[in-house]
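Number of protein chains: 2
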Amino acid sequence: MLTYTEENYLKALFKVTFGSGSNEAGTNELASLLVVKPATVNDMLKKLKEKELVDYEKYGKITLTIKGKKIALEIIRKHRLWETFLYQKLEFSWDEVHEVAEQLEHIQSGKLVDKLDKFLDYPEFDPHGDPIPTKKGEIKVQYKKTLSEISVGKSCKMVAVKDNSSPFLQYVVKVGLGINNEIKVLSIQEYDSMMLIEINGKQSTVSQKFAENIFVVIE
Amino acid sequence: MLTYTEENYLKALFKVTFGSGSNEAGTNELASLLVVKPATVNDMLKKLKEKELVDYEKYGKITLTIKGKKIALEIIRKHRLWETFLYQKLEFSWDEVHEVAEQLEHIQSGKLVDKLDKFLDYPEFDPHGDPIPTKKGEIKVQYKKTLSEISVGKSCKMVAVKDNSSPFLQYVVKVGLGINNEIKVLSIQEYDSMMLIEINGKQSTVSQKFAENIFVVIE
DNA sequence: TAATGAAGTTAGACTAATCTAACAAATAAA
DNA sequence: TTTATTTGTTAGATTAGTCTAACTTCATTA
Ligand SMILES: [Mn+2]
Ligand SMILES: [Mn+2]
Ligand SMILES: [Mn+2]
Ligand SMILES: [Mn+2]
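Same order as they appear, the protein sequences are chains F and U. So the first sequence is numbered by our numbering: it starts at 1 and just counts up by one. So the second sequence is numbered by our numbering: it starts at 1001 and just counts up by one.
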């Protein structure tokens, strides 16, 4: 059985490597994501290598083994199922679920995950629009862009958020945006890339930074 | 914030002291309940005393402070609410809930407890018949006896179990017993106190050890 | 009341997870 | 191709939680 901390390293490693082309990560990169020092990561990598959860040679790049990736996906599955539970059943707002799910994702009980999945009627996406890995560890890859990549005059549909922080999520709500909303790009300011958008007939102006954290699909 | 381990010590301390008249506990007693060595308990007591969660002097008895008792009750409240959730909403059987609740009781989120309580419609008892402390830390004291104390010819109602272990709980089900069942004591064997009982018209014979672990009330 | 056993304490050691500070290797710049 | 910068590693220390083995105090009982 893995410790709480080991699980967090695997999850972080999956997040930095998944969809990064090379599937590799570096010590510093991982350290900054986990908010620990590189020295700490280095120690942990030796432990994870010993347990055959990562491939890693001194001064080399870090990758997850199949075994490590499988565990990472299980934790992400649990995290997103719990977020969905908190949001749908307990009426948490979408900016509150992540923090609690960070704890709940470490509860060890295969039965609990299965029952929860069933109770929620096998959801495919969490409240932030992120896909929930299946029991088999399959994860849906969505061909999504960020709002900042959409050109003037085009329409798209919001499907997820990149930034999961509470302040950002609250801001998204304030702007009148939510998952599945239609967004039309009315204009883009040359100078600072500020975007004038329309959602349900209501206009808003958003910064480039904001637009880079909204995932959309073109229909 | 307390660690997972500190919380377990407070909970264990509450369990051994609550309703014991003196409200006191000893090092060895606590050690055996927590399945650690007395030396370990001794170290922890110093930490808990420092944090003003227990009253304790060298070679003296251990008691919870008001503050320590309050925290213990919060953990027990969480434990029993989670057990109720698992049993009522996720269809766990009553012998499976305890182990998972041992983990879930340590999730830190006041909001989660409140929401869960509401979601379950403010339950008063958990699946084992144990009272769920209120948000204010009030716990219902039931005037209950054990089945072994009931005399021949009398009837009573099962309200809870003393032993929460999976083998015992499964055995209770097998005997045809459950919370709120009427039990009539038909006869008691002189020699070994074996009890012949009737539940819903069905007769069963149970040992004294068994009868000592069934809580009942006389109506 | 003194001996004996039970209960409780201390010292010293270990593991997991973390840090700081110093060092080494790899990479980018000049 | 040196030099400088970034990246990664090591050594040594700390804290929480645990242990064993030895010791002390308390309580019972002969
Ligand atoms: Mn999340
Ligand atoms: Mn999410
Ligand atoms: Mn329980
Ligand atoms: Mn219970």
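Every residue, glycine too, gets a C-beta built ideally from N, C-alpha and C.
Under the DSSP assignment, residue 187(F) falls in the beta strand (DSSP E) whose first and last residues are 182-188. Secondary structure of residue 166(F) (DSSP, three-state): helix.
Residue nearest to residue 1045(U) within the set 1147(U), 1006(U), 1175(U) is 1006(U) (criterion: CA-CA distance). A direct Cα-to-Cα measurement between residue 1131(U) and residue 1124(U) gives close to 6 Å. Legend: CB atoms of the region 1095-1113 of chain U lying less than 9 Å from CB atoms of chain F belong to residues 1096, 1099, 1100, 1103, 1104, 1106, 1107, 1108, 1109, 1111, 1112.
Of the residues assessed, residue 39(F) falls on the exposed side of the cut-off, its CB having fewer than 16 other CB atoms within 10 angstroms. In this chain, the alpha helix (DSSP H) harbouring residue 48(F) covers 38-50. The bridge partners DSSP lists for residue 33(F) come to none.
Annotation for residue 196(F): 186, 187, 203, 205 place their beta carbon closer than 7 Å to its own, counting only its chain and skipping 5 residues before and after. With its beta carbon at least 9 Å from every one in chain F, residue 1006(U) lies outside the interface.
Residue 192(F) counts as exposed, since fewer than 16 other beta carbons sit within 10 angstroms of its beta carbon.
Residue 1168(U) and residue 1147(U) have their C-alpha atoms roughly 15 Å apart. The region 1187-1216 of chain U contains, as complete alpha helix (DSSP H) runs of 4+ residues, the segments 1208-1211 (chain order).
For residue 1172(U), the distance from the CB to the nearest heavy atom of ligand 4 is not below 8 Å. Only buried fits residue 9(F), as 16 or more other CB atoms lie within 10 angstroms of its CB. Fully enclosed beta strand (DSSP E) runs of no fewer than 3 residues are not present anywhere in the region 1067-1148 of chain U. Residue 1089(U) reaches chain F at 119, counting residues in chain order whose Cβ is nearer than 8 Å. Per DSSP, residue 16(F) is one residue of the alpha helix (DSSP H) stretching across 4-17.
Counting only residues of its own chain and dropping the five nearest sequence neighbours on each side, residue 1085(U) has a CB closer than 8 Å to the CB of 1116, 1119, 1120. 77(F) is the residue among 88(F), 89(F), 77(F) whose C-alpha sits nearest the C-alpha of residue 104(F).
Residue 99(F) is not a Cβ neighbour of residue 22(F), given a cutoff of 9 Å.
The contact set of residue 81(F) on chain U, defined by CB atoms closer than 7 Å, is empty, because the minimum CB distance reaches about 12 Å. Taking the C-beta atoms as reference points, residue 1215(U) is found nearer than 9 Å to residue 1162(U).
Pairing residue 54(F) with residue 62(F) gives a Cβ-Cβ distance under 9 Å. The three-state secondary structure of residue 61(F), taken from DSSP, is coil. Scanning 49(F), 102(F), 107(F) for the CA closest to the CA of residue 1102(U) turns up 107(F). The DSSP-derived three-state label of residue 152(F) is coil. For residue 35(F) and residue 15(F), the gap between their C-alpha atoms comes out near 14 Å. Under the criterion of beta carbons closer than 8 Å, residue 25(F) and residue 13(F) qualify as touching, at roughly 6 Å. Here residue 126(F) has 80, 83, 84, 132 as same chain residues with Cβ atoms under 7 Å from its own Cβ, once five neighbours each way along the sequence are excluded. When DSSP states are grouped into helix, strand and coil, residue 54(F) belongs to the strand group.
Distance from the CA of residue 144(F) to the CA of residue 95(F), rounded to the nearest whole angstrom, comes to 22 Å.
When the five nearest sequence neighbours on each side are left out, the beta carbons in the same chain lying within less than 8 Å of the beta carbon of residue 217(F) are those of 142, 143, 144, 145, 156, 157, 159, in order along the chain. Taking the CA atoms as reference points, residue 150(F) sits about 29 Å from residue 33(F). Against chain U, the beta carbon of residue 116(F) has neighbours under 7 Å at 1090, listed in chain order.
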